[in-house]
Amino acid sequence: MKLFSTERTDVYLLVTDLAEAFQHYLLNNRSHLAPFEPLRNDDYFKLENISSRIINALNDYENKKCLNLVFTLKNESKIIGSINFTNFIFGVFEACYLGFSLDHAYQGKGIMHEALNKSITYVHEKYGMHRIMANHLPDNIRSSKTLEKLGFVKEGYAQSYLKINGVWQDHVLNSLVLS
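The numbering of the sequence shown is the UniProt record's numbering, which starts it at 1 and goes up by one.
Next up, the structure:
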């Protein structure tokens, strides 16, 4: 289900109809994304497991706990990126976490910035999020620069924060505060 478009992209809610295209994206970028993600065994990339994760995420979406998006170049069908807003908290906090990834062949073209910018506006307007938090590995310069261009501010440094690629790794903590 297409939610919106940017100048160069179409952004979709990740639904089971997109499972096969998403599988292709994941497999095509497996080695590229491995240094930034938890260890993934072969089962993670099986279509039935991808479909199951999408169904679980859609249940969370229906309960206003998350929003998992994928995007393509405008009027194309190949998924080239993923944007996830997770752990929605409402009430006095009104915050969530942001995660994102981009196909290795499309880096350095400003496409992720473009898709993220509109996605952040969408989440702010649709869910009323006041704070969006996004963390990255200290040596992930691309993510750091993308977040900075979007207005995220570095708020801290967490030692041994997440187990990435099989190793507990430090992370830079960032947030974007929206009015």
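Every residue, glycine too, gets a C-beta built ideally from N, C-alpha and C. Since this is a predicted model, take the numbers as computed values, not measurements.
Given that a residue counts as buried once 16 or more other Cβ atoms are within 10 Å of its Cβ, and exposed if not, what is residue i?
i: HIS136; result: buried
i: THR146; result: buried
i: ASN174; result: buried
i: MET1; result: exposed
i: SER160; result: exposed
Between residue i and residue j, is the Cβ-Cβ spacing less than 9 Å?
i: LEU47; j: GLU20; result: yes
i: ILE80; j: THR9; result: yes
i: LEU98; j: HIS130; result: no
i: VAL11; j: ALA115; result: yes
i: THR6; j: ASN84; result: no
Where do the ends of the beta strand (DSSP E) carrying residue i lie?
i: ALA95; result: 95-102
i: SER77; result: Run containing SER77: none; DSSP gives neither H nor E here.
i: ASP60; result: First-last for ASP60: 47-62, but that is the alpha helix (DSSP H), not the beta strand (DSSP E).
i: LEU13; result: 9-13
i: PHE4; result: 2-5
Please report the Cβ distance between residue i and residue j, rounded to the nearest whole angstrom; I am assuming they are in contact, meaning their Cβ atoms lie under 8 Å.
i: PHE93; j: LYS65; result: Contact flag wrong, Cβ pair sits at about 14 Å.
At which residues does the alpha helix (DSSP H) containing residue i begin and terminate?
i: LEU33; result: 30-33
* Can you check the stretch 107-175 for any beta strand (DSSP E) of at least 3 residues that lies completely inside it and give the ranges in chain order? => With a minimum length of 3 residues, the unbroken runs of beta strand (DSSP E) contained wholly in the stretch 107-175 fall at 131-136, 153-164.
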